[in-house]
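**Student:**
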Amino acid sequence: MAEITASMVKELRERTDAPMMDCKKALTEAEGDMTRAEEILRVRFGNKASKAASRVAAEGTVGISISADGKTGAMIEVNSETDFCAKNEDFLKFVNELAAVVASSAAADIEAVAALPMNGATVEETRAQLVGKIGENITPRRFVRPVVQGKLASYIHGSKIGVLVDLVGGDEALAKDIAMHIAAAKPKSLDASGIDASLIETERRVAIEKAKEAGKPEAMLEKIADGTVQKFLKEVTLLSQVFVKDDKMTIEQLLKSKGASVASFTMFTVGEGIEKAVVDYAAEVAAAAKL
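Its first residue numbered -1, the sequence shown is counted upward by one per residue in my numbering.
#1: Report back the beta-carbon spacing between Asn94 and Gly61 to the nearest angstrom; my notes put them in contact at under 8 Å.
#2: Taking the alpha carbon of Val163 as the point to measure from, which residue in Ser157, Arg140, Leu188 has its own alpha carbon closest?
#3: For Asp244, which of helix, strand or coil comes out of DSSP?
#4: Using alpha carbons as the reference points, say which of Leu165, Ala106, Val161, Phe230 lies closest to Ala194.
#5: Pick out whichever of Ile2, Pro115, Ala16, Phe141 has its Cα sitting closest to the Cα of Phe266.
#6: Between which two residues does the beta strand (DSSP E) containing Gly71 stretch?
#7: Per the contact definition of three or more C-beta pairs closer than 8 Å, is the segment 96 to 113 in contact with the segment 66 to 73?
#8: How many Å lie between Pro138 and Ile154 at the Cα?
#9: Between Arg42, Ser238, Ile64, which has its C-alpha nearest Glu207's C-alpha?
#10: Taking just the CA atoms, how far does Gly168 sit from Pro144?
#11: Leaving aside the five residues before and after Leu10 along the sequence, list all residues of the same chain whose C-beta is less than 8 Å from its C-beta, in chain order.
#12: With distances taken between CB atoms, is the gap from Val242 to Met178 smaller than 9 Å?
#13: With the cut-off set at 9 Å, would you say Asp244 and Leu252 are in Cβ contact?
#14: Are Ser238 and Glu250 closer than 9 Å when you measure CB to CB?
#15: Any chance you could list the beta strand (DSSP E) runs of at least 3 consecutive residues sitting entirely within the segment 127 to 157, in chain order?
#16: Leaving out the 5 sequence neighbours to the left and right, which residues in its chain are closer than 7 Å to Ile132 when beta-carbon positions are compared?
#17: Which residues in the same chain as Ile159 place their Cβ atom closer than 6 Å to its Cβ, once the five residues preceding and following it in sequence are excluded?
#18: Near Ile108, what residues of its chain come up, given a Cβ to Cβ distance below 8 Å and the 5 sequence neighbours on each side ignored?
#19: Would you list the residues sitting across from Glu57 in a DSSP beta bridge?
Spelled out as structure tokens, the structure:
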């Protein structure tokens, strides 16, 4: 049997907000598999036990650059150590200039971005100079430079959420509405074809386990699971989502009414997937007192 450590229990507790003893029991049942333990807690406590994505702790900002004709553009996330740095004028200038550099480049990945020319030097040299000036580590993390079918539109919410949309047809008002909707509703893909099969399987498995615990007949389990999956897909796919400004229509219906379509979209949430270490100063002082 896998050893269940206190740090594992703490991590699962932070992911799910479930009680500590329930976290330990779930990890024991899952033989130490964190993902499986999270699923077990979702069965017991519902969707509130899936909060990993909301516990992002890295700082930084998103920069977007789009050409005047909307045919080329890029969005980039640059991380910093603190929110104080993320609001620094020099930092923000660097991010916005870097977005423009990336938009006009042919860089294939973030590693290639470091060698691009910027302000008479390279991106890496410019970054290093800024690190020396501000005194914090600054890291370009990821970018997107889409192949555009229509025209690009963007929206940045509070510098922490960036959206880039390729809209075919429609007008600027529609493009802005779609971009703002994406920032608010956070779809995972355009339609069901873009959803990872493992996510669908997880929803199905959790639905079946919850139905079993509720005492539902075996013959109904697959039907219940199908309904749960369809509800999940409506919630996480852009075209099926209810428009945030009009709950009487979906995004697909809105686009159709305007003779438009979305070719693609990307949303960056600053720090998504990055876990920042939390320093327990009280514990450090207590430990030092024992030395």
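Ideal placement from N, C-alpha and C gives every residue a C-beta, glycine not left out.
**Tutor:** From the atom records:
#1: Going by Cβ atoms, the distance from Asn94 to Gly61 rounds to 5 Å, so yes, they are a contact pair.
#2: Cα-wise, what sits closest to Val163 is Leu188.
#3: coil
#4: It should be noted that the sequence gives Asp, not Ala, for residue 194. When each option's Cα is compared against that of Asp194, the closest is Phe230.
#5: Phe141
#6: 71 to 78
#7: yes
#8: 17 Å
#9: Arg42
#10: Here the C-alpha atom of Pro144 lies approximately 19 Å from the C-alpha atom of Gly168.
#11: Cβ neighbours of Leu10 beyond the five flanking positions: Ala16, Cys21, Ala24, Leu25, Met32, Ala35, Glu36, Leu39.
#12: yes
#13: With respect to the 9 Å criterion, Asp244 and Leu252 are classified as neighbours on the basis of their beta carbons.
#14: yes
#15: 136 to 142, 149 to 155
#16: Cys83, Asn86, Asp88, Phe89
#17: Excluding residues within five positions, the ones whose Cβ falls inside 6 Å are Ala181, Thr267.
#18: The residues Pro138, Arg139, Arg140, Phe141, in chain order, have a CB closer than 8 Å to that of Ile108 in the same chain once the five nearest residues on each side in sequence are set aside.
#19: Ser78
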